[in-house]
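Novice: Before we start, here is the structure in question, set down as structure tokens.
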Amino acid sequence: MQIKNIYTLLCFSLDQFVVAMNSWFTMFSSWLKIFLFFFFFTSLCKTYGSSSSKSTSTDSYTDHCASIVPTSKPTVRAHNKSVISFRGGYYTGGDRLLGSKSSNQVYDYTGSYLRFRPTRNVYKTDSKGVYKLEAYLYFRSPYRYYDSDTSSSYGSHFHRTVRAPGTIKFLLNGFWSEVSRKLCMVGSASWQSEKGKFLNLDGVLKLKFADEKSNMSTSLVSGTLESINPQNDLGYFEPISIYEFPYLIDYTYSLVSEKVNGGCHDDIGVPKNQSVSLESRDFCSILDRGINSLELEYPTECKSSQNCAHLVGSMGFLPKFMHLHAIQCSGVEEKLRYMLKFGNSYTEFYGRFDPNSTLIGEGSWDAKNNRLCIVACRILNRANTWGSKVGDCTTRLSLRYPSTLTIRNKSNIVGQIWTNKTVNDSGYFRKIMFRSWENDVAAIPGLKYEYTELDRVKESCPVKGAVKMGGVQYPDGHSYDMRFDMSVKHSKKEFAWGNAIPLFVGNEIYEQSSMIVDLSDSDAGFETTAEADKKTNGPLNISYKLSINPLSLVKLGSWFSPLNLSMNPRGLVEITAEGIYDAETGNLCMLGCRELSSFTQESRNKSFDCEILVNFEFPSMTSTRRGEFIKGSIKSKRKKSDPLYFEDLSMSSSAYYVTEAKQSIWRMDIEITMALISNTLTCIFVGLQLFHVKRNPQVLSYISLVMVLILSVGHMIPLVLNFEALFLGNHDKQMLLLRTGGWLEANEVTVRIVTMVAFLLQIHLLQLVWTARSSHENKESLWVGEKKAGLVSLIICIIGGLLTFLLNWTRKRYGYQAPFTQFLWGDLRSYAGLVLDGFLLPQILFNVFSSSRESSLSSPFYVGTTLVRVLPHGYDLYRGQSRVRYVNGSSYYYADPNADFYSTAWDVIIPCGGIVLAVIIFLQQRLGGHSISSQRFREMELYNNVPVVDDEE
Numbered sequence: 001m002q003i004k005n006i007y008t009l010l011c012f013s014l015d016q017f018v019v020a021m022n023s024w025f026t027m028f029s030s031w032l033k034i035f036l037f038f039f040f041f042t043s044l045c046k047t048y049g050s051s052s053s054k055s056t057s058t059d060s061y062t063d064h065c066a067s068i069v070p071t072s073k074p075t076v077r078a079h080n081k082s083v084i085s086f087r088g089g090y091y092t093g094g095d096r097l098l099g100s101k102s103s104n105q106v107y108d109y110t111g112s113y114l115r116f117r118p119t120r121n122v123y124k125t126d127s128k129g130v131y132k133l134e135a136y137l138y139f140r141s142p143y144r145y146y147d148s149d150t151s152s153s154y155g156s157h158f159h160r161t162v163r164a165p166g167t168i169k170f171l172l173n174g175f176w177s178e179v180s181r182k183l184c185m186v187g188s189a190s191w192q193s194e195k196g197k198f199l200n201l202d203g204v205l206k207l208k209f210a211d212e213k214s215n216m217s218t219s220l221v222s223g224t225l226e227s228i229n230p231q232n233d234l235g236y237f238e239p240i241s242i243y244e245f246p247y248l249i250d251y252t253y254s255l256v257s258e259k260v261n262g263g264c265h266d267d268i269g270v271p272k273n274q275s276v277s278l279e280s281r282d283f284c285s286i287l288d289r290g291i292n293s294l295e296l297e298y299p300t301e302c303k304s305s306q307n308c309a310h311l312v313g314s315m316g317f318l319p320k321f322m323h324l325h326a327i328q329c330s331g332v333e334e335k336l337r338y339m340l341k342f343g344n345s346y347t348e349f350y351g352r353f354d355p356n357s358t359l360i361g362e363g364s365w366d367a368k369n370n371r372l373c374i375v376a377c378r379i380l381n382r383a384n385t386w387g388s389k390v391g392d393c394t395t396r397l398s399l400r401y402p403s404t405l406t407i408r409n410k411s412n413i414v415g416q417i418w419t420n421k422t423v424n425d426s427g428y429f430r431k432i433m434f435r436s437w438e439n440d441v442a443a444i445p446g447l448k449y450e451y452t453e454l455d456r457v458k459e460s461c462p463v464k465g466a467v468k469m470g471g472v473q474y475p476d477g478h479s480y481d482m483r484f485d486m487s488v489k490h491s492k493k494e495f496a497w498g499n500a501i502p503l504f505v506g507n508e509i510y511e512q513s514s515m516i517v518d519l520s521d522s523d524a525g526f527e528t529t530a531e532a533d534k535k536t537n538g539p540l541n542i543s544y545k546l547s548i549n550p551l552s553l554v555k556l557g558s559w560f561s562p563l564n565l566s567m568n569p570r571g572l573v574e575i576t577a578e579g580i581y582d583a584e585t586g587n588l589c590m591l592g593c594r595e596l597s598s599f600t601q602e603s604r605n606k607s608f609d610c611e612i613l614v615n616f617e618f619p620s621m622t623s624t625r626r627g628e629f630i631k632g633s634i635k636s637k638r639k640k641s642d643p644l645y646f647e648d649l650s651m652s653s654s655a656y657y658v659t660e661a662k663q664s665i666w667r668m669d670i671e672i673t674m675a676l677i678s679n680t681l682t683c684i685f686v687g688l689q690l691f692h693v694k695r696n697p698q699v700l701s702y703i704s705l706v707m708v709l710i711l712s713v714g715h716m717i718p719l720v721l722n723f724e725a726l727f728l729g730n731h732d733k734q735m736l737l738l739r740t741g742g743w744l745e746a747n748e749v750t751v752r753i754v755t756m757v758a759f760l761l762q763i764h765l766l767q768l769v770w771t772a773r774s775s776h777e778n779k780e781s782l783w784v785g786e787k788k789a790g791l792v793s794l795i796i797c798i799i800g801g802l803l804t805f806l807l808n809w810t811r812k813r814y815g816y817q818a819p820f821t822q823f824l825w826g827d828l829r830s831y832a833g834l835v836l837d838g839f840l841l842p843q844i845l846f847n848v849f850s851s852s853r854e855s856s857l858s859s860p861f862y863v864g865t866t867l868v869r870v871l872p873h874g875y876d877l878y879r880g881q882s883r884v885r886y887v888n889g890s891s892y893y894y895a896d897p898n899a900d901f902y903s904t905a906w907d908v909i910i911p912c913g914g915i916v917l918a919v920i921i922f923l924q925q926r927l928g929g930h931s932i933s934s935q936r937f938r939e940m941e942l943y944n945n946v947p948v949v950d951d952e953e
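Take the sequence shown: its letter number 168 is residue 168 in the working numbering, and every next letter is one higher.
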């Protein structure tokens, strides 16, 4: 009766809701009329204001641009690609609008952003080559500030709040002449001041674009954005200078020639016969490769910055780094355009643009001498309203790519920079050497490695007498398994993270082009025929780069001081090592060298500490134990009294091999397939049950609502938990270093869709049972049986939940940990899966309490659904016997240990229990609901059904 009352109350509430909606719709219609009136009124005002604005814009253009590109009458619309646009330029100035470097605030320099984008409002005019256009000019602040808050009772806690001035967008109108290559436009932007007041910024943009057929002197895009407001106006801003170095299709290399190549200095330190020779087909792929950061090595004559100060004009200091960036490359001519930036940081290239420290040049490959010769020019006339020009092309560079690297000479680029001016000329500076400082080996054809410490390695690393076990395998020296991240500890206390990356294996460059293993097919990313040929069973020569990055919140003691001498500009301690790897024992023993650097402003002296012993032990690839680690150590071979001696360091890394990755992907493939099959079978079995009740509508009332509700909720919970994965994709999921071509993601969505179909079918069955029960002639007794079945089921569930809580509490109290460490919530989730496994129990209880003999459930439904619930436990038994290892970041798509109880015992108990429940349903539907009850209970139930006779009658 209570359920019926609730149903009646819901129907009444629905009627009231419909009445309320009608009233609200009437009110909404009235407000809609008012809104439309104000909308058209505002549109009219905007139209009038726009006309007034266009008139003002025309007057401003006449005042500031008429003498540059005269106004012309628009004729026909043109495509916006007919005019010039650019993206990724540079600018200087505008500190008031875009922020400046602050001395009292923490900040990051994210890089300036500049973009000029014409809209579709582009028209040809009655003047030849003149276009009228509308365009947007975007500026993004290069600074991102942080408000710091340091507070913690247990140590320092650094909280950051990010603030950035944002982006300013100017809307401009004006004319562009493709003949003079000049553009002049006027417009405005809205800007919020530091006090929160919105101001209108009016400005004029003047740009000079590169010629269609350009050379070095005409290849620069430059100009200014100036305020047209008075200086005492709040909307006034200082001029912003704009620069861009575009890729030009029709570009003529006018600075480099055979004569220039002949003037290249050859005293680089690397002879011609020890330099790499580049072919035309490899030229651009090797030289046009990102940004090369080169470290400058000043001669002893640069004791005073005056001798070398003219390297970068008026910077006032000697920069430590030069960054070389290729703008464009011609493989046929073997020539390039370069941009050179100088600074004191290895990230200076991405810093704020400074025309004083930037040079533009052309490079040409000298095939006879295996060197690259570059002629570089300065940016002049920076104060000119119409922008800057390129000139003073007196700077020369000569670069070579060594063909052989060693543990001490690991730079893949060496060279020098000088000027062809004489000592008495203004702007003269002495010859300065440079070399690449990052120990990253590029795949340059002909590059080799010379092992110089192998004799010392054999002395320091005695061969172990371990006997190789049959069937035991260790990583191959050429495989991806040889590179790994690691935790670095001192005295068992972690103080840094690091990584170890092979540079050369034997005489070949270690393949490290991609940090992602491609697993889109069964063989991708693992072993090709060429890789199989490289396999060796004996000792293998190998060289490594080890990087150690101290944690920012860890206080380093005096023991770290010797290592601090090897800290590079990126804050890393780098050790280059070479030695022997034995693929039969998994032992890697090497001798390492660390560079000892002492910077001064005038010079830089280099020395090395090569008394370092590095040892790593790789676990077996065939081990069945979980949690295997790569373990290693770094030790100094010096005496403790030596100032370069440092205390022992230990390293460890979780060993996750590529073969395990392949097995893990195979496991996920199988699990998704099985989940898809299980959900599809569920849909089929529910569909057969719906067909069964359609042919036998009288059995609907004898189906337990609690049972159908449990099944419905069981399908609803995965949908709720995976809603984001179903529609949006979970972008926060930790990504494995694996790539599957999107196959797993697509099939995961398919599984969710099939689960939704099963859920909708269950809901439909629930609706049919509810409707039939409410209209049944014997509904009172049926509801009583349903209540009793639900109450008993609830009591059983509560008891099971309390036992789960007790077991969880006991495990925590006595320190027992499950294989998958779970908190209470995780245990309750598993218990919910157990409740779903026993979905037939409410139907059995309902049959008992209602004395039902109806075949309410079709055999395919209860047998098939039981089979769907039992199969995951059979799979878990198989999975437990296999060597497939679960990896953090991967997922269980089938038989998830967090969604049910999975162990050897449970995998036997739960299937047996499910089969017993299915057999009971089979007996009840043939012998009656009391067929499993005791004789006394059946007699009591029969006695209760005997009608009572009134004595008075």
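Positions of the beta carbon are idealized from the N, C-alpha and C atoms, including for glycine.
Are K788 and F861 touching if we call contact CB-CB under 8 Å?
Specialist: no
Novice: Below 8 Å on the Cβ atoms is my contact criterion, and I expect S403 with V276 to pass it. Report the Cβ-Cβ distance as a whole number of Å.
Specialist: 5 Å
Novice: On a Cα-Cα basis, can you pick out the residue from I228, G928, E777, V757 that is closest to G203?
Specialist: I228
Novice: Applying the 10 Å Cβ sphere with the 16-neighbour rule, what's the burial state of P697?
Specialist: exposed
Novice: Take S241 and list the residues in its own chain whose beta-carbon comes closer than 6 Å to its own, dropping the five residues that flank it on each side.
Specialist: T92, G93, T224
Novice: How many whole angstroms separate the CB atoms of V256 and S364, which I take to be in contact at a CB cut-off of 8 Å?
Specialist: 4 Å
Novice: How do the region 495-505 and the region 660-679 stand: do at least 3 beta-carbon pairs fall below 8 Å, yes or no?
Specialist: With the cut-off at 8 Å, the region 495-505 and the region 660-679 do not touch.
Novice: Please confirm whether F170 and S193 have their CB atoms less than 8 Å apart.
Specialist: no
Novice: Cα separation between I710 and L836?
Specialist: 7 Å
Novice: Could you give the distance in angstroms between the alpha-carbon of K492 and the alpha-carbon of W437?
Specialist: The straight-line gap from Cα to Cα measures roughly 32 Å.
Novice: Which residue's Cα is closest to the Cα of S357: N370, R371, A326, K341?
Specialist: K341
Novice: Just reading off the alpha helix (DSSP H) that H873 is part of, what are its end residues?
Specialist: 859-881
Novice: P118 lies in the beta strand (DSSP E); which residues open and close that run?
Specialist: 113-125
Novice: Taking M216 and I360 to be in contact with their CB atoms under 8 Å, please state how far apart those CB atoms are, rounded to whole angstroms.
Specialist: 7 Å
Novice: With H, G and I counted as helix, E and B as strand and the rest as coil, what does DSSP make of N568?
Specialist: coil
Novice: Would you give the residue range spanned by the alpha helix (DSSP H) that S664 belongs to?
Specialist: 658-695 is the extent of the alpha helix (DSSP H) around S664.
Novice: What is the rounded straight-line gap between the Cα of S859 and the Cα of I677?
Specialist: 19 Å
Novice: Which residues does DSSP pair with F321 in a beta bridge?
Specialist: E295, G343
Novice: Within a Cβ cutoff of 7 Å, which residues of the same chain sit near Y346, ignoring the five residues on either side of it in sequence?
Specialist: Correct list, in chain order: S293, F321, P569, R570.
Novice: Identify whether Y480 lies in helix, strand or coil by the three-state DSSP scheme.
Specialist: Note: Y480 maps to helix in three-state DSSP.
Novice: Which residue marks the beginning of the alpha helix (DSSP H) containing C912, and which one marks its end?
Specialist: 906-927
Novice: State the Cα-Cα distance for the pair G235 and W191, rounded to the nearest angstrom.
Specialist: 9 Å
Novice: Using a threshold of 8 Å, state whether the C-beta atoms of F175 and S72 are closer than that.
Specialist: yes
Novice: Determine the DSSP secondary structure at Y645, reduced to helix, strand or coil.
Specialist: coil
Novice: Where does E511 fall in DSSP's three states?
Specialist: coil
Novice: Put H490 into one of helix, strand or coil per three-state DSSP.
Specialist: strand
Novice: Rounded C-beta distance between F839 and M707? I'm assuming under 8 Å.
Specialist: 6 Å
Novice: By how many angstroms is the C-alpha of V69 removed from the C-alpha of G129?
Specialist: 11 Å
Novice: State the DSSP-derived secondary structure class of L546, mapped to helix, strand or coil.
Specialist: Here L546 sits in strand by DSSP.
Novice: Assuming Y243 contacts Y90 (C-beta within less than 8 Å), just tell me the rounded distance between them.
Specialist: 5 Å
Novice: Since E954 and G579 should fall inside the 8 Å C-beta cutoff, what is the C-beta to C-beta distance between them, to a whole number of angstroms?
Specialist: Nothing in the structure corresponds to residue 954, since the chain is present only between 1 and 953.
Novice: Please classify L287 as buried or exposed, where buried requires at least 16 neighbouring CB atoms within 10 angstroms.
Specialist: buried
Novice: Residues in the same chain with beta-carbon distance under 7 Å from E647, minus the five sequence neighbours each way, listed in chain order, please.
Specialist: Apart from sequence neighbours up to five positions away, the residues of its chain that approach E647 with a beta-carbon distance below 7 Å are H490, W559, ordered along the chain.
Novice: Which same chain residues, not among the five before or five after E450, have their C-beta less than 8 Å away from its C-beta?
Specialist: Once the five neighbours on either side are set aside, the close Cβ partners of E450 are T404, L405, T406.
Novice: Round the Cβ separation of I417 and T395 to the nearest angstrom and send it over; I've been treating them as touching at under 8 Å.
Specialist: 7 Å
Novice: What first and last residue would you give for the beta strand (DSSP E) that runs through V554?
Specialist: No beta strand (DSSP E) contains V554, which DSSP labels as neither H nor E.
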